[in-house]
Amino acid sequence: MAAACDFCLSLPDEVLACIFQPLSSGDRKRCSLVCRRWLTVEGQTRHRLSLNAQSDLTPLVATTLFNRFDSVTKLALKCDRRSISIGDDTLELISLRCPNLTRLKLRTCRELTDLGMIKFAKNCKGLRKLSCGSCMFGYKGMNAVLDNCVNLEELSIKRLRGIADASANEQIGPGIAASSLKTICLKELYNGLCFAPLIAGSKNLKTLKLFRCSGDWDGLLQEVAERVTGLVEIHLEKLHVSDVGLTAISRCLELEIMHLVKTPDCTDSGLVSIAEHCKLLRKLHIDGCKANRIGDEGLVAVARNCPSLQELVLIGVNTTKYSLSMLSSNCLNLERLALCSSDTVGDAEITCIAEKCVALKKLCIKSCPISDDGIEALVVGCPNLIKVKLKKCRGLTTEGVNLLRTVRESVSVSLDTGEIEHPDPNASEGGPHDNGVEFPPLLLSEIAAPNIMPSSSSRSFGFKSRLGLFSGRRFVACTLRRWSSTRGH
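Residue numbering for the sequence shown follows this note's numbering, beginning at -19 and increasing consecutively.
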């Protein structure tokens, strides 16, 4: 019997690389184990890499690792907080072996200092996206990146320990990167206002996200409004900002997306100013933390001035039938609506939505005093409805929900009565305002080599994540992320 013919031998390496390109990370890894040729081609065409950035990675970087993966442009370096991370010398080696890097993600690389970042920035001037979390370098390292990476477009900084000393009176930016930056995301920074020169100097900035950063931000937002006129998206979470800051933001006439989360000094007055000037608003998320400072007045202003509104999330906001009726009647493109932890959203409000919100496709209700009567209104209302999520609404029964399922067979209906579930210890982390929205994530890949992380989902399930499982914001954010992923921005 004749030996079987291996037709792959007749394929050029370029064709084999095209075959590998659409495969998943796991499939690529398995392909690399077939033979030496496949191992070589797969490595040479891999552009994304995630490495376990412990100190023992250094010998691999210095020898064989980047001989195989010589086309990497997107790199993630992650170290366990209980381990010793790579240092400055290793980062410099990586920058020399990967001069074409466009994305770098650093997590818990605590041995990196300003010196390492300075050398990296000088060798990788084509960097477009930088994301750092729980690192120890400071002002000089950040300024080196901004002074050398002329094409930098996205910057995400979380818990940068080296800038914690507010008494140092040092500033970050603007640098030459300010002219190209389009997205800035700052999270959990004790001295986040040291980035003020960078934020105010980034005249082409489109997205600004500020999460849990200390300091009074009203003054900076006023400066941003004067110098950065093209802002399209802004997130403010657990921030010391008031109506003064919101009034300043209202001068950004191209604003389309706004998240206002647990900013108790913001009131209806600030929201009215946003609504009256930012008429292109498409997505609005408000977590009022039951402070009763934002309600019908602000939402009516949104209804009257923002006809393009497509997505509205209200958490801890005591809206009533009056404002919901205005929103349903005036915002004819409203497709996604979430109402959570509101004492005033009852059957009358849901009935109003069912009767008037014709374009609505996805509805999420959590911890609101509604009953089967409100759900019954959805049986005949909202003709374009495709998904309903209900959670912790004690007045609901399975009979009422089953009626909706029976009559509207095309509508996906889920009911969670609020019983405590045991969290899966293998589940991945991810809070709503880490937002998935953290800095757009790198697509990291697992590969067949030592010190390479299998995937981002292998992170430990931490205490923060377990608490987040029961939060209203997590439920809504997970829901809205899935809804939005089908449409994009």
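The beta carbon of each residue, even a glycine, is placed where N, CA and C say it ideally should be. Every value quoted in this text rests on a predicted model; they were computed, and no experiment measured them.
If you draw a straight line from the alpha carbon of L73 to that of F100, how long is it in whole angstroms? Here residue 73 corresponds to residue number 93 of the sequence shown, with the count starting at 1. Here residue 100 corresponds to residue number 120 of the sequence shown, with the count starting at 1. L73 and F100: Cα-Cα distance of roughly 9 angstroms.
Measuring straight from C-alpha to C-alpha, what distance separates F46 and L383? As a position in the sequence shown, residue 46 is number 66, starting the count at 1. As a position in the sequence shown, residue 383 is number 403, starting the count at 1. In a straight line, the C-alpha of F46 is about 60 angstroms away from that of L383.
Thinking C-alpha only, which one of V21, G199, V125 and K162 is nearest G153? Translated into the one-based positions of the sequence shown, residue 153 becomes position 173. For G153, the nearest C-alpha among the options comes from V125.
For the beta strand (DSSP E) containing K85, list its first residue and its last residue. Counting from 1 along the sequence shown, the entry for residue 85 is found at position 105. Start and end: R83 to R87.
How many angstroms separate the CA atom of V280 from the CA atom of I137? Residue numbering aside, residue 280 sits at position 300 when the sequence shown is read from its first letter. Residue numbering aside, residue 137 sits at position 157 when the sequence shown is read from its first letter. Rounded to the nearest angstrom, the two C-alpha atoms are 36 angstroms apart.
From V368, N131, M116 and R385, residue whose alpha carbon lies closest to that of K109: Translated into the one-based positions of the sequence shown, residue 109 becomes position 129. When only C-alpha atoms are compared, the closest one is N131.
If you draw a straight line from the alpha carbon of K85 to that of L107, how long is it in whole angstroms? If you number the sequence shown from 1, residue 85 lands on position 105. If you number the sequence shown from 1, residue 107 lands on position 127. Distance between the alpha carbons of K85 and L107: 11 angstroms.
Exposure label - F(-13); buried when at least 16 CB within 10 Å: Here residue -13 corresponds to residue number 7 of the sequence shown, with the count starting at 1. Per the 10 Å Cβ criterion, exposed.
Below 9 angstroms between beta carbons: does that hold for G268 and G296? Walking along the sequence shown from the start, residue 268 turns up at place 288. Walking along the sequence shown from the start, residue 296 turns up at place 316. For G268 and G296, yes; Cβs fall inside 9 angstroms.
Can you check whether the CB of L190 is closer than 9 angstroms to the CB of G210? One-based indexing of the sequence shown puts residue 210 at position 230. One-based indexing of the sequence shown puts residue 190 at position 210. Going by C-beta atoms, G210 is not nearer than 9 angstroms to L190.
Endpoints, the beta strand (DSSP E) within which C332 is located: Residue 332 sits at position 352 when you count from the first residue of the sequence shown. Not the beta strand (DSSP E): C332 falls in the alpha helix (DSSP H), residues D327 to K336.
Determine, using beta-carbon pairs with one atom in the segment 339 to 354 and one in the segment 313 to 321, whether at least three such pairs fall under 8 angstroms. yes
Cβ of T247 within 9 angstroms of Cβ of D223? Sequence index remark: in the sequence shown, residue 247 carries index 267 (1-based). Sequence index remark: in the sequence shown, residue 223 carries index 243 (1-based). Cβ distance < 9 angstroms, so T247 and D223 count as in contact.
Short Cβ contact (9 angstroms threshold) for G361 with I333: Here residue 361 refers to the residue found at position 381 when the sequence shown is read from its first residue. Here residue 333 refers to the residue found at position 353 when the sequence shown is read from its first residue. Taking 9 angstroms as the Cβ cut-off, G361 and I333 qualify as a contacting pair.
Give me the DSSP bridge partner(s) of R473. No answer is possible for residue 473: it lies beyond the span of the chain, which begins at -19 and ends at 469.
Express the C-alpha separation of K218 and C232 in angstroms, rounding to a whole number. Start at 1 with the first residue of the sequence shown, and residue 232 comes out as number 252. Start at 1 with the first residue of the sequence shown, and residue 218 comes out as number 238. Cα to Cα, C232 sits roughly 21 angstroms from K218.
Ranges of the alpha helix (DSSP H) found wholly within the segment 246 to 301, counting only runs of at least 4: 248 to 257 and 276 to 285
List the residues that DSSP assigns as beta-bridge partners of M238. In the sequence shown, the residue the question calls residue 238 occupies position 258. DSSP output for M238 lists I214 and L264 as bridge partner(s).
Would you mind working out which of R385, V14, L3 and G225 sits nearest D196, comparing C-alpha positions? Here residue 196 is taken as the residue at index 216 of the sequence shown, counted from 1. It is G225 whose Cα lies nearest to the Cα of D196.
Mind pulling the beta strand (DSSP E) runs of 3 or more residues that sit fully within the segment -5 to 44? 28 to 32
Residues in its own chain within less than 6 angstroms of A157 by CB, not counting five upstream and five downstream? Position 177 of the sequence shown holds residue 157. Excluding positions up to five away in sequence, the list reads L126, C129 and L132.
Take S471 and list the residues in its own chain whose beta-carbon comes closer than 6 angstroms to its own, dropping the five residues that flank it on each side. The structure shown has nothing for residue 471, since the chain only spans -19 to 469.
If you follow the alpha helix (DSSP H) that L76 is in, where does it begin and where does it stop? By one-based count along the sequence shown, residue 76 stands at place 96. D68 to R77 is the span of the alpha helix (DSSP H), which, as asked, contains L76.
Beta-ladder partner(s) of D507, from DSSP: Outside the shown range of the chain (-19 to 469) lies residue 507, about which nothing can therefore be said.
Could you tell me the boundaries of the alpha helix (DSSP H) in which A503 lies? Beyond the ends of the chain as shown, which are -19 and 469, falls residue 503; an answer cannot be given.
Using DSSP's beta-bridge definition, name the partner residues of K109. In the sequence shown, the residue the question calls residue 109 occupies position 129. The partner list for K109 (beta bridge, DSSP) reads R83 and E134.
Other residues of its chain near S194: CB distance less than 6 angstroms, five sequence neighbours each side excluded: Sequence index remark: in the sequence shown, residue 194 carries index 214 (1-based). Counting only Cβ-Cβ distances below 6 angstroms, and skipping sequence neighbours, we find Y170.
Work out the CA separation of V368 and S390 for me, nearest whole Å. Here residue 390 refers to the residue found at position 410 when the sequence shown is read from its first residue. Here residue 368 refers to the residue found at position 388 when the sequence shown is read from its first residue. Going by the C-alpha atoms only, they are around 11 angstroms apart.
Using CA coordinates, which residue listed in T70, C112 and A328 is at the minimum distance from I164? The residue given as residue 164 occupies position 184 in the sequence shown. Comparing Cα-Cα distances from I164 to each of T70, C112 and A328, the minimum goes to C112.
Let me know the secondary structure DSSP gives I179 once reduced to three states. On the sequence shown, residue 179 is found 199 positions in, with the first residue counted as 1. Helix, per DSSP.
Three-state secondary structure (DSSP) of P403: Locating residue 403 in the sequence shown gives position 423, where the first residue counts as 1. Because P403 carries a pLDDT of 46, less than 50, the predicted location of this residue cannot be relied on, and the following value inherits that uncertainty. Reduced to three states, the DSSP call for P403 is coil.
Which residue's Cα is closest to the Cα of F175: N149, L304, R61 and L292? Mapped onto the sequence shown, residue 175 falls at position 195. Taking only the C-alpha atoms, the option nearest F175 is N149.
Look at the alpha carbon of S182 and the alpha carbon of V204, and state the distance between them as a whole number of angstroms. Here residue 182 corresponds to residue number 202 of the sequence shown, with the count starting at 1. Here residue 204 corresponds to residue number 224 of the sequence shown, with the count starting at 1. Approximately 9 angstroms, taken between the alpha carbons.
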